[in-house]
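Protein chains in written order, with UniProt numbering: chain A, 1 to 430; chain B, 1 to 367.
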């Protein structure tokens with residue numbers, strides 16, 4: 001079961017790079033990866049290391065293309081997407097953003113309750129990866145899972161109803177914001193504990209391999225596990241990096257590094273903040289990508305997914321991204337620097353993609369406006385639907401605890417409790 | 001005698017103290033049961049159950065530490081690697097949280113893992129997955145994702161293994177909705193309940209006992225059949241009686257039966273109930289028995305506070321209060337982390353004398 005270490009080269013410098021921009025022309029990334037430097041001193045070597053890493057990236061995304069276009073006309077520019085793909089990506093990101101904005105509104109109006117964690121600003125990661133997957137591929141996420149569910153295909157109505165706690169929700173109101181499950185779309189949750197989803201995702205990838213090797217089925221399904229920077233200090237993460245590489249599982253570990261775990265800065269809590277480096281330590285490629293740029297994410301994702309489907313094993317992808325809102329709607333978000341927020345707001349992935357599409361003549365403003373309007377209506381309709389839906393009935397309290405409800409045991413009359421009609425009406429005493 | 005000692009020594013993978021205990025109990029059980037009927041050790045019963053379920057359903061696979069090449073830390077999975085290959089019997093690294101989560105994820109995706117914990121004490125490193133990702137998932141997903149997984153391994157005290165290897169987890173797991181918790185005693189229990197657990201579409205915590213592995217029990221032809229299955233949620237009345245009800249599970253069933261014999265000599269007829277299923281608890285059988293005898297003694301090996309016995313006492317007081325002729329008696333392990341010294345360990349666990357004394361107290365035959 002030895003891993004082949006030739007597979008540990010990072011995707012930087014991969015032979016598949018068709019883009020021919022000379023390195024000296026490539027401007028260093030406009031923002032510092034290491035986030036706010038207000039009260040922390042960062043060893044200069046680290047920053048330099050990161051700048052090198054970014055410069056080595058073969059993938060040219062929106063920012064650089066737009067810049068380079070102004071500078072030279074003689075370079076052959078590779079447009080990374082077709083018009084159709086571009087519109088699909090745009091629509092998905094707009095859906096994610098509008099939906100989350102609507103969630104915030106609904107929360108402050110009291111229609112939504114409990115813990116709600118919004119994804120604003122990180123749409124490029126979800127869209128970049130999930131739009132490359134098929135329906136039978138699996139996605140496992142954290143509590144910040146609304147947009148992953150939407151990208152994977154769960155309808156906005158189902159997600160909104162679930163958030164309102166109504167019976168028409170994707171989990172009939174029993175899961176809530178942090179537990180979006182959909183068997184149909186292979187959205188395997190929605191986990192509140194950080195790090196909890198990673199082994200579950202590894203298990204789903206394990207099943208793909210098992211189906212191929214033991215059950216002799218045709219199975220090319222991959223699993224994508226999304227989690228944050230805080231999770232990368234958790235033991236389970238390392239246990240799974242080890243086992244995924246050991247068993248060569250078809251999984252992609254996607255780190256949504258938004259630099260903050262509630263109020264804990266990534267720099268304060270991590271001995272070596274460059275998470276992508278942890279991949280090669282376990283025998284898999286580790287890649288760092290600009291997570292505010294959907295096209296760059298998509299290029300890296302394509303490579304990682306293809307690797308997994310070919311049976312070459314896992315990849316660790318670190319996406320540098322940012323959440324525009326607080327950790328949750330209850331978070332006052334006082335610890336983050338206004339300057340840092342402004343810097344990332346200027347790199348809004350949706351604005352960037354819009355600019356790319358328009359400047360490369362893939363779409364005009366009108367078409368994009370139509371999409372935005374369509375999504376607005378979709379989200380409003382989802383809210384109306386959720387509002388109008390009924391709450392779960394009493395009997396639902398005791399349903400679905402077990403797949404085999406005999407697990408409720410034998411009642412005083414000697415029969416199984418679940419056979420008692422009062423039980424399913426929700427009036428029996430448990 | 002030497003033959004038995006030699007056999008246990010070769011058979012084991014356990015500590016010498018436990019081999020001695022196994023020898024002693026093997027001798028005792030050889031004496032108490034009729035020779036001529038077929039006998040099977042609990043170890044063989046578990047091994048055959050896993051073997052049969054693996055051959056019946058290719059989605060069943062085993063994972064855990066030392067389950068493959070080492071033939072199982074307690075030899076329960078002996079021979080499975082040779083028979084089914086490394087794609088179905090996984091030797092994992094020492095990563096309880098990781099491999100338990102992988103098992104749960106595989107169950108989400110449709111496979112049927114049997115995850116072994118070397119002892120249930122180690123399950124504490126994975127308890128988040130057992131409870132949060134396995135037990136609660138069917139509910140959180142409103143029935144979309146069920147988790148047909150079995151978590152098995154030795155539970156409770158062994159012999160001289162110290163505080164961190166001796167805790168009984170029955171009460172902890174049995175308090176969680178969404179889990180089924182089973183605790184076999186005899187070889188027949190082991191076979192029937194493990195087969196039922198593997199076939200069950202829900203997460204099952206299967207609590208074995210290291211000291212019972214080497215014990216032989218008579219086993220019926222019916223139990224040897226590959227389709228044999230015991231119902232989950234039904235207790236077994238091991239010995240009928242009319243004066244006092246003794247409820248217990250796992251190793252303590254053996255102690256309770258011995259206590260019942262001692263009580264019979266003094267004219268007290270004790271009814272011994274082997275719970276078999278801690279969750280769901282067979283309250284119907286327990287209460288029916290208490291209504292017959294009017295006295296209850298509950299026994300368990302685990303810590304006393306918030307234990308299985310506490311739940312049984314509460315259930316009996318709620319449902320059969322007017323039938324009780326005496327206060328309910330609860331015997332549990334001592335409220336201390338398990339000591340190492342052999343005499344202290346003996347004091348920290350319920351013994352046959354304790355059960356006899358409690359039963360007599362319930363019958364007002366002693367103070």
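Note that the Cβ used here is the ideal one computed from N, Cα and C, for glycine as well. These numbers come from a predicted model, not from an experiment.
Applying the 10 Å Cβ sphere with the 16-neighbour rule, what's the burial state of residue i?
i: residue 137 of chain B; result: buried
i: residue 388 of chain A; result: exposed
i: residue 81 of chain A; result: buried
i: residue 339 of chain A; result: exposed
i: residue 252 of chain A; result: buried
i: residue 358 of chain B; result: buried
By DSSP's criteria, residue i is part of a beta bridge. Which residues make up the other side?
i: residue 319 of chain A; result: A:256 and A:289
i: residue 270 of chain B; result: B:244
i: residue 68 of chain B; result: Partner(s): none; residue 68 of chain B has no beta bridge.
i: residue 39 of chain B; result: B:218
i: residue 251 of chain A; result: A:223
i: residue 91 of chain B; result: B:64
i: residue 205 of chain B; result: B:151 and B:181
i: residue 138 of chain A; result: A:223
i: residue 371 of chain B; result: The structure shown does not extend to residue 371 of chain B, since chain B is modelled only from 1 to 367, so the question has no answer here.
i: residue 265 of chain A; result: A:260
i: residue 115 of chain B; result: B:63 and B:151
i: residue 181 of chain A; result: A:188
i: residue 416 of chain A; result: A:410
Residue i to residue j, Cα distance in whole Å?
i: residue 369 of chain B; j: residue 216 of chain A; result: Outside the displayed span of chain B (1 to 367) sits residue 369 of chain B, for which this structure offers no information.
i: residue 361 of chain A; j: residue 394 of chain A; result: 55 angstroms
i: residue 69 of chain B; j: residue 264 of chain A; result: 44 angstroms
i: residue 184 of chain A; j: residue 348 of chain B; result: 52 angstroms
i: residue 419 of chain A; j: residue 407 of chain A; result: 12 angstroms
i: residue 256 of chain A; j: residue 250 of chain B; result: 47 angstroms
i: residue 307 of chain B; j: residue 194 of chain A; result: 30 angstroms
i: residue 340 of chain B; j: residue 118 of chain B; result: 20 angstroms
i: residue 116 of chain B; j: residue 350 of chain A; result: 48 angstroms
i: residue 94 of chain B; j: residue 199 of chain A; result: 14 angstroms
i: residue 257 of chain B; j: residue 149 of chain B; result: 32 angstroms
i: residue 295 of chain B; j: residue 323 of chain B; result: 8 angstroms
i: residue 303 of chain A; j: residue 104 of chain B; result: 28 angstroms
i: residue 79 of chain A; j: residue 363 of chain A; result: 13 angstroms
i: residue 34 of chain A; j: residue 102 of chain B; result: Bear in mind that the predicted position of residue 34 of chain A carries a pLDDT of just 40, short of 50, making it too unreliable to give a figure here.
i: residue 176 of chain B; j: residue 242 of chain B; result: 34 angstroms
i: residue 352 of chain A; j: residue 293 of chain A; result: 7 angstroms
i: residue 310 of chain A; j: residue 245 of chain A; result: 14 angstroms
i: residue 214 of chain B; j: residue 286 of chain A; result: 49 angstroms
i: residue 134 of chain B; j: residue 289 of chain B; result: 34 angstroms
i: residue 266 of chain B; j: residue 92 of chain B; result: 53 angstroms
i: residue 297 of chain B; j: residue 249 of chain A; result: 52 angstroms
i: residue 73 of chain B; j: residue 210 of chain B; result: 11 angstroms
i: residue 281 of chain B; j: residue 409 of chain A; result: 7 angstroms
How about residue i and residue j: do their beta carbons lie closer than 9 angstroms?
i: residue 189 of chain A; j: residue 145 of chain B; result: yes
i: residue 207 of chain B; j: residue 170 of chain B; result: yes
i: residue 93 of chain A; j: residue 134 of chain A; result: no
i: residue 224 of chain B; j: residue 338 of chain B; result: no
i: residue 166 of chain A; j: residue 391 of chain A; result: yes
i: residue 82 of chain B; j: residue 61 of chain B; result: no
i: residue 282 of chain A; j: residue 241 of chain A; result: yes
i: residue 99 of chain B; j: residue 243 of chain A; result: yes
i: residue 204 of chain B; j: residue 151 of chain B; result: yes
i: residue 276 of chain B; j: residue 189 of chain B; result: yes
i: residue 228 of chain B; j: residue 195 of chain B; result: yes
i: residue 431 of chain A; j: residue 149 of chain A; result: Look at the range of chain A in this structure, 1 to 430, and you will see that residue 431 of chain A is not part of it.
i: residue 201 of chain A; j: residue 269 of chain A; result: no
i: residue 100 of chain A; j: residue 87 of chain A; result: no
Using a Cβ-Cβ cut-off of less than 8 angstroms, give me the residues of the segment 86-107 of chain B that come near chain A, in sequence order. 87, 88, 92, 93, 95, 97, 98, 99, 100, 101, 102, 103, 104, 105, 106 and 107
For the segment 275-288 of chain B, which residues have a beta carbon sitting closer than 9 angstroms to at least one beta carbon of chain A? 277, 279, 280, 281, 282, 283, 284, 285, 287 and 288
Tell me which residues of the segment 217-228 of chain B have at least one Cβ-Cβ distance to chain A shorter than 7 angstroms, keeping chain order. none
May I ask you to list, following chain order, the residues of the segment 117-151 of chain B that have a beta carbon less than 7 angstroms from some beta carbon of chain A? 128, 129, 132, 133, 138, 139, 140, 141, 142, 143, 144, 145 and 146
To be precise: take each residue of the segment 200-232 of chain A, compare its Cβ to all Cβ atoms of chain B, and keep it if any distance is under 7 angstroms. Which residues remain? 200, 201, 202, 203, 204, 206, 207, 210, 213, 214 and 215
Listed in chain order, which residues of the segment 43-66 of chain B have Cβ atoms closer than 8 angstroms to some Cβ of chain A? 58, 59 and 61
Positions along the segment 134-162 of chain A whose CB lies within less than 9 angstroms of some CB in chain B: 138 and 140
Residues of the segment 166-179 of chain A whose Cβ lies closer than 7 angstroms to any Cβ of chain B, in chain order: 171, 172, 174, 175 and 179
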